[in-house]
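One structure is given here, and the rest of the page talks about it.
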Amino acid sequence: EPEVTQTPSHQVTQMGQEVILRCVPISNHLYFYWYRQILGQKVEFLVSFYNNEISEKSEIFDDQFSVERPDGSNFTLKIRSTKLEDSAMYFCASSQQGAGEQYFGPGTRLTVT
Amino acid sequence: KNEVEQSPQNLTAQEGEFITINCSYSVGISALHWLQQHPGGGIVSLFMLSSGKKKHGRLIATINIQEKHSSLHITASHPRDSAVYICAVYNNNDMRFGAGTRLTVKP
Chain A
148 EPEVTQTPSH QVTQMGQEVI LRCVPISNHL YFYWYRQILG QKVEFLVSFY NNEISEKSEI
208 FDDQFSVERP DGSNFTLKIR STKLEDSAMY FCASSQQGAG EQYFGPGTRL TVT
Chain B
690 KNEVEQSPQN LTAQEGEFIT INCSYSVGIS ALHWLQQHPG GGIVSLFMLS SGKKKHGRLI
750 ATINIQEKHS SLHITASHPR DSAVYICAVY NNNDMRFGAG TRLTVKP
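Order-wise, the sequence lines are chains A and B.
Residues 148 to 260, numbered by the numbering used here, are exactly what the first sequence covers, in order.
Residues 690 to 796, numbered by the numbering used here, are exactly what the second sequence covers, in order.
Structure (structure tokens):
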């Protein structure tokens, strides 16, 4: 069964560094999402992406963040100048339709020290 | 006030019991999702609803659009159902999540 994959599974970085989190969505899906879950808190929407552009972004998704689909398969989240409070689990998801069932990747745990 | 409210926050049941988890939302939606988050952190989609009722095995999800309310039922609960169940609402390419209900089913 097709699945969403994410790499790395765990990333440790120093404050102020840039990180790139990678996702490979399911191949025939058209809508892509990034979510964040700080330890012990609820999942939060960051951004949705369709047709090579951002469809919607939350107030969390400020200039520190960017997304890209650099080729036909990868979907990346870049976090510039990381802060301690960026430490969280980051989930990628994809769906065939905008309001369709979403398939989640296993997550990348980001630890900023 | 949160846009998506779930109740209860925590639920402990004995194996075999019928479980109900509730979700109320205050925004317009095009779809409501029920998700299961395993102890290891992975998230699995259980249901996506825009109206009525869906059933998958021992799981049943219902939604009342007029009342902005959804329920997730688990029949004949089993210890392997222990997880966090999350309600999330989708509208305009944006998803808002409830805080989750932590279910523990004891043998």
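Note that CB positions come from ideal geometry on N, CA and C, so glycine has one too.
Check whether chain B comes within 8 Å of residue i, counting only Cβ atoms and requiring the distance to be less than that.
i        : result
A:Ser195 : yes
A:Tyr237 : no
A:Val190 : yes
Determine, using beta carbons only, whether residue i comes closer than 8 Å to chain A.
i        : result
B:Arg785 : yes
B:Tyr803 : The structure shown does not extend to residue 803 of chain B, since chain B is modelled only from 690 to 796, so the question has no answer here.
B:Ala750 : no
B:Asn782 : yes
B:Ala765 : no
Suppose you measure from the CA of residue i to the CA of residue j; what does that come to, to the nearest Å?
i        : j        : result
A:Gln158 : A:Val166 : 8 Å
B:Leu721 : B:Val733 : 14 Å
B:Thr790 : B:Gln725 : 10 Å
B:Ser719 : A:Thr229 : 34 Å
B:Lys743 : B:Ser759 : 11 Å
A:Pro217 : B:Tyr714 : 36 Å
A:Lys225 : A:Val214 : 6 Å
A:Gly163 : B:Met784 : 29 Å
Here's a check: name, in chain order, each residue in its chain whose Cβ is nearer than 7 Å to the Cβ of residue i, leaving out the five neighbours to either side.
i        : result
B:Gly705 : Ala765, Ser766
A:Gln161 : Thr260
Closest by CA to residue i, which one among the options?
i        : options                                : result
A:Ile174 : A:Phe251, A:Ser213, A:Gly219, A:Tyr237 : Here the sequence assigns Ser to residue 174 of chain A, which means Ile is not the residue at that position. Looking at the Cα atoms, A:Gly219 is the closest of the given residues.
B:Glu756 : B:Gln698, B:Thr701, B:Asn711, B:Asn691 : B:Asn711
B:Ala702 : B:Val778, B:Gly717, B:Ser771           : B:Ser771
B:Asn780 : B:Met737, B:Thr751, B:Phe707, B:Pro728 : B:Met737
A:Phe179 : A:Ile226, A:Arg169, A:Ser242, A:Thr154 : A:Ser242
B:Gln729 : B:Val773, B:Gln698, B:Asn782, B:Leu761 : Note that residue 729 of chain B is Gly in the sequence shown, not Gln. Of the listed residues, the one whose Cα sits closest to B:Gly729 is B:Val773.
Short of 8 Å in beta carbon distance, which residues of its chain neighbour residue i, apart from the five on each side in sequence? Order them along the chain.
i        : result
B:Pro768 : Glu704, Val794, Lys795, Pro796
Selection of the stretch 720 to 736 of chain B by Cβ proximity to chain A, strictly under 9 Å: Taken in chain order, the members of the stretch 720 to 736 of chain B whose beta-carbon sits within less than 9 Å of a beta-carbon on chain A are Ala720, His722, Leu724, Gln726, Gly729, Gly730, Gly731, Ile732, Val733, Ser734, Phe736.
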